Each structure stands twice: as C-alpha cells, then as structure tokens.
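Chemist: Quick one: structure below, then a few questions.
In UniProt numbering, the protein residues as written are 1 to 200.
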C-alpha cells in the first residue's frame, strides 16, 4: 500500500502499523483491515467511526497551539518566559510550514486550532492536523494564500501577539529555499484583501 520509504513494523488482528518519513519527520501510519464478512458501506462507516474515536483520544493527550498561546498571553504570565515560549512556537510553525511547502503540500485551512504541540523530552514539537482541505496544487500563489489564511486566523484569535506571524515568516523563509516567490504572492493576496475591505 505505501511506498518504499515506509516499512511494516507491526501487524495485529485489526491493522498494520508502518513507520517511515513524511516531510522529513518520523511518521507512523495505521492501516485498518477491511472486514470482508461485513457489508461494504457498513464496514466503511464503522472504520471511520473507530478512526474518529481513536483520533479524539489521541488529541486529548496533546495541547492545541491555540490554547497554548492563550495560556502564555494570560495576564499572570511572566514576560521573559512567555517570549521564549512564543518564539519556540513560531519556530515550530514556520519550520513545519516551510517544509510542507517545500514538498508542495498545501494545508488549505491553517489556523492554530489545527496545530498540536506534543511533548518530546524537554521540548514541545508541532504536529499539523486536519488535512481535509489539503491539495497538491502547490503554486507559489496557493502557498501565499495558505500563509495569508494563517495570518488572518492569528490576527483574529491572537490579536494581542503582534510579533507572532512575523516570527513565523522568519523561520518559514529559513526552511523553504523557494520562499522569495511565495512572499511576493503573499503581498499580492494581502493587497487584494485590503482592497476588498475598502470596497466593503
């Protein structure tokens, strides 16, 4: 089912587990077996429900970036500690998006609600979720739109953290060697957005 970059590491009664690399990160893929004795539509429905339940359980074990940023910008947070943690979040987001776009992957719905922070030793690592609107039409314009959607989401949800998106862009540029053209397209999309706002 999967390409040569993935290897089967475990097989049970319900599924196979593969390990490999996806956009430069170690990744596990779970393939659930089809139940030939069940009606096809019923089997698909039950499989999707099990995957949803499993995903909900996994997400409970992680922290949504949206909530993490909100907790850092609480009035009682220490300023120095907050800045350091926000810088780390910006680095993780910029680096991950840079790698995704370098591999021609468009997310399609970039918000901090679709990002999770996972504890890995003493640091928090970013994990992107909800690729339902993702596609492979990875033109510089579509990458610029991807970033613009994130910028608008951050301005809407985290208006009190003005430095966050510029910091994300800084790390994005470092992670994506073709970022110059994307930045041009981002400016074009911003200009169109401002024009629409003025026209009303």
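Cβ coordinates follow ideal geometry from the N, Cα and C atoms, glycine included.
What you are looking at is a predicted structure, and each value in this text was computed from that prediction instead of being measured.
Just to confirm the assignment: which complete alpha helix (DSSP H) runs, minimum length 4, are found wholly within the region 133-162?
Modeler: Taking only runs of at least 4 residues, the alpha helix (DSSP H) segments lying wholly in the region 133-162 are 140-157.
Chemist: Give me the DSSP bridge partner(s) of residue 100.
Modeler: None; residue 100 has no bridge partner.
Chemist: So, under 8 Å CB-CB, residue 97 and residue 148 are touching, yes? Tell me the CB distance rounded to an integer number of Å.
Modeler: Not a contact, Cβ separation roughly 12 Å.
Chemist: In three-state DSSP terms, what is residue 68?
Modeler: Of the three classes helix, strand and coil, the one that applies to residue 68 here is helix, per DSSP.
Chemist: For residue 31, which of helix, strand or coil comes out of DSSP?
Modeler: Looking at residue 31 - three-state DSSP - the assignment turns out to be strand.
Chemist: Relative to the alpha-carbon of residue 89, which residue among 189, 169, 191 and 190 has its alpha-carbon at the smallest distance?
Modeler: Cα-wise, what sits closest to residue 89 is 169.
Chemist: Among the candidates 132, 36 and 69, whose CA atom is the shortest distance from the CA of residue 158?
Modeler: The residue with the shortest Cα to Cα distance from residue 158 is 69.
Chemist: On the DSSP bridge assignment, give the partners of residue 119 in chain order.
Modeler: The partner list for residue 119 (beta bridge, DSSP) reads 124.
Chemist: Around the C-beta of residue 176, are 16 or more other C-beta atoms found within 10 angstroms, so that it is buried, or is it exposed?
Modeler: Buried: at least 16 other Cβ atoms inside 10 Å.
Chemist: Where residue 129 and residue 116 are concerned, what is the direct C-alpha to C-alpha distance, given to the nearest angstrom?
Modeler: Cα-Cα distance, rounded: 7 Å.
Chemist: In angstroms with no decimal places, state the Cα-to-Cα distance between residue 35 and residue 15.
Modeler: Going by the C-alpha atoms only, they are around 11 Å apart.
Chemist: Under a three-way DSSP split, which group does residue 177 fall into?
Modeler: DSSP places residue 177 in coil when its eight states are reduced to three.
Chemist: If I'm right that residue 24 touches residue 99 with Cβ under 8 Å, what's the distance once you round it to whole angstroms?
Modeler: The Cβ separation is near 5 Å, so the contact holds.
Chemist: Measuring alpha carbon to alpha carbon, tell me which of 91, 196, 31 and 12 ends up nearest residue 165.
Modeler: Minimum Cα distance to residue 165 is reached at 91.
Chemist: Using 8 Å for Cβ pairs, my map puts residue 18 next to residue 33. What's the rounded Cβ distance?
Modeler: Going by Cβ atoms, the distance from residue 18 to residue 33 rounds to 14 Å, so no, they are not a contact pair.
Chemist: With distances taken Cα to Cα, identify the nearest neighbour of residue 114 among 189, 81 and 65.
Modeler: Checking every option, the nearest Cα to that of residue 114 belongs to 65.
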